[in-house]
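A quick write-up on the structure given underneath.
Numbering (my numbering), first residue to last: 250 to 387.
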């Protein structure tokens, strides 16, 4: 009995915390600011700090004179999104081009949330980046 009570005090808060983390991830659906994404996933800062995008590619994108919009569809529940979104954000920051607009859109696990409006986007996995140049999908 005593060991069961001790286990409850030790593991109970861990289970509750894990449940809250999962609940927070499930609730993250729809447009999300970079600041909100980094607040929800502080580990992405370390990924950003440790990632060095190719300098030539960053320079090329920095000099692009066309309007570019990146729509980044990602899942808070998705390991690939968690592993790669920090890198995507690092590239966007490194480019420093006012012609670039980045939209982060968190999607539900089933990809069916009305808040994300995925109809006709072809998003089947996350992360998915759709690139528009002068408002035309490329």
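Note that the Cβ used here is the ideal one computed from N, Cα and C, for glycine as well. All values reported here derive from a predicted model rather than from experimental measurement.
Residue i versus the options, residue with shortest Cα-Cα distance
{"i": "residue 304", "options": "343, 333 and 290", "result": "343"}
{"i": "residue 298", "options": "385, 338, 312 and 387", "result": "338"}
{"i": "residue 323", "options": "353, 369 and 283", "result": "353"}
{"i": "residue 312", "options": "302, 368 and 349", "result": "349"}
{"i": "residue 309", "options": "345, 359 and 290", "result": "345"}
{"i": "residue 296", "options": "336, 280 and 282", "result": "336"}
Close beta carbons around residue i, own chain, < 7 Å, minus the five adjacent residues each side
{"i": "residue 271", "result": "The pLDDT assigned to residue 271 is 46, lower than 50, so where the model puts this residue is not dependable; a value taken from the coordinates is nonetheless given after this. Cβ neighbours of residue 271 beyond the five flanking positions: none."}
Cβ pair residue i, residue j closer than 7 Å
{"i": "residue 319", "j": "residue 278", "result": "no"}
{"i": "residue 325", "j": "residue 355", "result": "yes"}
{"i": "residue 321", "j": "residue 378", "result": "yes"}
C-alpha distance - residue i paired with residue j, whole-angstrom precision
{"i": "residue 388", "j": "residue 376", "result": "Residue numbering for the chain in the displayed model covers 250 to 387; residue 388 lies beyond these limits and cannot be assessed."}
{"i": "residue 385", "j": "residue 292", "result": "34 Å"}
{"i": "residue 285", "j": "residue 340", "result": "18 Å"}
{"i": "residue 301", "j": "residue 361", "result": "34 Å"}
{"i": "residue 287", "j": "residue 315", "result": "28 Å"}
DSSP bridge partner residues for residue i (one or two, in chain order)
{"i": "residue 355", "result": "279 and 323"}
{"i": "residue 378", "result": "321"}
{"i": "residue 385", "result": "382"}
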